[in-house]
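Residue numbers (full-length UniProt numbering), protein chains in the order written: chain C, 1 to 188; chain G, 1 to 188; chain Z, 1 to 188; chain D, 1 to 188.
Shown next, in structure tokens, is the structure this report addresses.
4 protein chains.
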Amino acid sequence: MTTNKKEDIMQASLMLFTERGFDATTVPMIAEKAQVGAGTIYRYFENKEVLLNSLFRECVGQIIQALSDGFPESASVREQFHHIFHRLTRFGQENNEALTFIDSHMDPRLLDEESQSKFIELLDFLRRFLKRGQQQGIIVQLPPDALIPLFYGPIVKLFLVIRDGDLKQTDELFAGVEECCWNALKVH
Amino acid sequence: MTTNKKEDIMQASLMLFTERGFDATTVPMIAEKAQVGAGTIYRYFENKEVLLNSLFRECVGQIIQALSDGFPESASVREQFHHIFHRLTRFGQENNEALTFIDSHMDPRLLDEESQSKFIELLDFLRRFLKRGQQQGIIVQLPPDALIPLFYGPIVKLFLVIRDGDLKQTDELFAGVEECCWNALKVH
Amino acid sequence: MTTNKKEDIMQASLMLFTERGFDATTVPMIAEKAQVGAGTIYRYFENKEVLLNSLFRECVGQIIQALSDGFPESASVREQFHHIFHRLTRFGQENNEALTFIDSHMDPRLLDEESQSKFIELLDFLRRFLKRGQQQGIIVQLPPDALIPLFYGPIVKLFLVIRDGDLKQTDELFAGVEECCWNALKVH
Amino acid sequence: MTTNKKEDIMQASLMLFTERGFDATTVPMIAEKAQVGAGTIYRYFENKEVLLNSLFRECVGQIIQALSDGFPESASVREQFHHIFHRLTRFGQENNEALTFIDSHMDPRLLDEESQSKFIELLDFLRRFLKRGQQQGIIVQLPPDALIPLFYGPIVKLFLVIRDGDLKQTDELFAGVEECCWNALKVH
DNA sequence: GATGAATGAGGGTTCATTCAT
DNA sequence: GATGAATGAACCCTCATTCAT
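Here it is, written out as structure tokens:
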């Protein structure tokens, strides 16, 4: 089977968009990294913006998948949080760019309706978890949208710091940060 | 007194860079918003990139100023954290763009040495605070660079959510988030 | 076979640079005359200045070629001078712009090292000829750099006058001028 | 008396136009060299092009003056040529730029009617001299416009070589070149 | 299907010229 | 009269996109 060009293009864009940003990434750059002709990209994606949106949806979808898959519905809130945190960091470790890419391309000027909906789907998953925790009196009573930044923000930033080489990713580190984030959320 | 054009240009750029990003902001856009001719911008800034760096340094400097000014050197770690959190959120409230602008333009491709140093100055201020707290056994023993995201990240994200209109900024909200962030940092 | 765009661009630039000068020639002008898109020029030449230098080197190279090719090494000084004068004027007749172009673009602000070297190569060819003539006591004892203007200058100017339509180019004219130039050089 | 600003501006332009060419010389450059404000230039000259033309006419006028003044109407052709050659080189020595400036700015796109007429006046002076010499059978029978390059061209080029520092200007040099040029013109 | 040469709209930037001081 | 800050037209150049091969 021939190598999957569409996959190559998406992989190359992901790296370049993450590294340089959408605007600073040129189509020829993507073509070169993906080892395809520039015109080939237009066979798979209507234009650069559509490519971005496909990529964005794909990445967000993967995260939602990672979070939903095997989610311990009936476990304790703490255990559910562990699942979320663990899956998020594992995803980040396996696919370092995706997390950063999503975070730095959440621009309504670039994302279409569908991409934005997809991201809201992710937020809703997190909101639901938080609300259940609040109903059980375990998670602090603040608007969920104010709570999400308390663990999602640190995770994203953490991978940025790691990527810059300023921090080594170890299980201890993630365990420590998880504990901190949980302390941020839980009622004391 | 004549209006200060340089100030107008910086103000306009700040808003546009924050809103659209550096690359998606054109010089004519800045000129129009600042109500000056496009050429005028080049009387004050060598080029668009220099303008970005001036702005970046200015904003980071203001934050450092806000944090250092009246910092309670001899107060408790908790009180010092309150100072930092309060000044940061007050700065964000008074100057909503600046915080977001800095966070979204920390690109080594765009920032020169001096700008990066200036930002490190800010990080060092926060690192010193965290280390003192750790020496007193009050703040958890994790690398400071892993701790900074635990309160700096949420604050930045919070203002993004606020700017998108999804959340109203109230004293209660900030007080609540401060408590959460402190819980994330402190030893339990 | 497709038309050679690079060749078209060089031909168009040669005419325009000669007619209007480098600074007064815009890239769109070149594109229009060469019947290519403006962007196409940048596929073949890094920028306008590189185009100028390519053109300059090409033209100087052609002259050197025309002079060296079949140069009568063992003939008399007079015959060698005839060769030089004849080839120079024939070159000027066949390629009217090139001579004028070179003469009017010998600007160290525009020419790079390599272009300047190439021109020195041409000068050296002429200097060597003059020195041999001086050693044989046939050409007057003045610095070669003062002698070159005595025949190279008039030839260039002659083609300027011709181009302005003030003079018709005939064999008699060139023969007459050659005789004059030789009289300028030779010991009487 | 205050320093003559108009004179300063012309002097500064002469140097810059000669050194860099008309197009590569900016009005602020002239202002700085002339030690006046940029706006001041427009008090004396309608625009940059008018300044060029004033300068051109002034320089050509000075040469005509230098040639006409004390011209030995009734002397021999050889003596008349000596007068012309001597005055031209003396002018070049005293005012190195002017000669080069004129030669490199003889562009119909830049010069107005009047400037071109003024230059024709200079040419006519030279043409008259040549025709008289031809009538006396002393100067070769070629179109005067083909003869002028034989001594005017070398003189201009000579000062270029001198300015580039490749040749020292001495009386012997000029005497030698004069002899050569005369040999080019005279009937043998 | 795949390519990359070609295009031209639109960006950053310069600079001749104006005009309020 | 003199100034130089301000302007905006016009430059050079980039790059998303097309299309002949």
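Ideal placement from N, C-alpha and C gives every residue a C-beta, glycine not left out.
Using a C-beta to C-beta distance shorter than 8 Å, which residues of chain Z count as neighbours of residue i?
| i | result |
| --- | --- |
| ARG109(D) | ARG20, ALA24 |
| VAL27(D) | Residues of chain Z passing the Cβ test: none, with the nearest at roughly 15 Å. |
Just mark residue i as buried or exposed, buried being the case when its beta carbon has 16 or more other beta carbons within 10 Å.
| i | result |
| --- | --- |
| HIS188(C) | exposed |
| GLU172(D) | exposed |
| GLY92(D) | buried |
| ALA12(G) | buried |
| GLY21(Z) | buried |
| PRO154(D) | buried |
| ALA184(G) | buried |
| GLU79(G) | exposed |
| THR26(D) | exposed |
| GLU97(C) | buried |
| ALA146(C) | buried |
| ALA75(D) | exposed |
| LYS131(Z) | exposed |
Go through its chain and collect everything with a Cβ distance to residue i's Cβ below 8 Å, but skip five positions before and after it.
| i | result |
| --- | --- |
| PHE45(C) | ILE9, LEU51, SER54 |
| THR100(D) | THR18, VAL156, PHE159, LEU160, ARG163 |
| LEU16(C) | THR25, MET29, ILE30, LYS33 |
| PRO108(G) | GLN116 |
Classify residue i as helix, strand or coil using the three-state DSSP reduction.
| i | result |
| --- | --- |
| ILE102(D) | helix |
| ILE138(C) | coil |
| LYS33(Z) | helix |
| LYS131(Z) | helix |
| VAL187(G) | coil |
| PHE45(G) | coil |
| GLN169(Z) | coil |
| THR40(D) | helix |
| LEU111(Z) | coil |
| PRO72(Z) | coil |
| ASN4(Z) | coil |
| THR89(Z) | helix |
| PHE22(Z) | coil |
| ASP164(D) | coil |
| PRO143(C) | coil |
| ASN95(G) | coil |
Just to confirm my understanding: we take residue i, look at its own chain, exclude 5 residues before and 5 after, and list those with CB closer than 7 Å. What are they?
| i | result |
| --- | --- |
| HIS83(C) | PHE71, PRO72 |
| ASN56(C) | For the record, residue 56(C) in the displayed sequence is Phe; it is not Asn. ILE102, HIS105, LEU111, SER115. |
| PHE174(C) | THR89 |
| GLY61(C) | LYS118 |
| GLU49(Z) | LEU110 |
Listing by chain order, which chain C residues have their CB less than 7 Å from the CB of residue i?
| i | result |
| --- | --- |
| HIS188(G) | ASN183 |
| VAL50(G) | Within chain C, no residue comes near VAL50(G); the closest Cβ sits about 17 Å away, beyond 7 Å. |
Starting from residue i, find everything on chain D with Cβ-Cβ shorter than 7 Å and list it in chain order.
| i | result |
| --- | --- |
| LYS157(Z) | PRO149, GLY153 |
Residue i versus chain C: which residues are under 9 Å apart at the beta carbon?
| i | result |
| --- | --- |
| LEU173(G) | LEU142, PRO143, ALA146 |
| GLY137(G) | Near GLY137(G) there are no residues of chain C at all, since even the closest Cβ is about 16 Å away, more than 9 Å. |
| VAL60(G) | Residues of chain C passing the Cβ test: none, with the nearest at roughly 17 Å. |
Please compile the residues from chain D whose C-beta is within a distance smaller than 9 Å of the C-beta of residue i.
| i | result |
| --- | --- |
| LYS88(Z) | In the sequence as presented, Lys is not what sits at residue 88(Z); that position holds Leu. Within 9 Å Cβ-Cβ: nothing; LEU88(Z) doesn't reach chain D, min ~14 Å. |
Could you tell me which chain G residues have their CB closer than 9 Å to the CB of residue i, listed as they occur along the chain?
| i | result |
| --- | --- |
| LEU167(C) | PRO143, ASP145, ALA146 |
Under 8 Å between beta-carbons, which chain D residues line up against residue i? List them in chain order, please.
| i | result |
| --- | --- |
| CYS180(Z) | VAL140, LEU142, LEU147, LEU150, ALA184, LEU185 |
Since residue i meets chain G, which of its residues come closer than 8 Å, beta carbon to beta carbon?
| i | result |
| --- | --- |
| GLY92(C) | Simply none; closest approach about 13 Å. |
| VAL77(C) | By Cβ distance, chain G contributes nothing, its closest Cβ being about 16 Å from VAL77(C), past 8 Å. |
Leaving out five residues before and five after residue i in sequence, what residues of the same chain have Cβ atoms less than 6 Å from its Cβ?
| i | result |
| --- | --- |
| GLY133(D) | VAL77, ILE139 |
| GLN35(D) | none |
| PHE85(C) | GLU178 |
| ALA38(C) | VAL27, PRO28, ALA31 |
List the residues of chain C that residue i touches, going by C-beta distances under 8 Å, in chain order.
| i | result |
| --- | --- |
| GLY133(G) | The contacting residues do not exist; GLY133(G) stays about 13 Å from chain C at best. |
Hey, is the region 118–130 of chain D in contact with the region 110–126 of chain Z, meaning 3+ C-beta pairs nearer than 8 Å? Touching, no, given that fewer than three Cβ pairs across the two stretches are closer than 8 Å.
Touching or not, the region 99–115 of chain Z and the region 168–183 of chain Z, by the rule of three or more beta carbon pairs under 8 Å? For the pair of segments examined, the region 99–115 of chain Z was found not to touch the region 168–183 of chain Z: the number of CB pairs separated by less than 8 Å stays below three.
Is there contact between the region 173–187 of chain Z and the region 142–150 of chain D, where contact requires at least three CB pairs shorter than 8 Å? Yes, since at least three Cβ pairs between the region 173–187 of chain Z and the region 142–150 of chain D fall closer than 8 Å, the two stretches touch.
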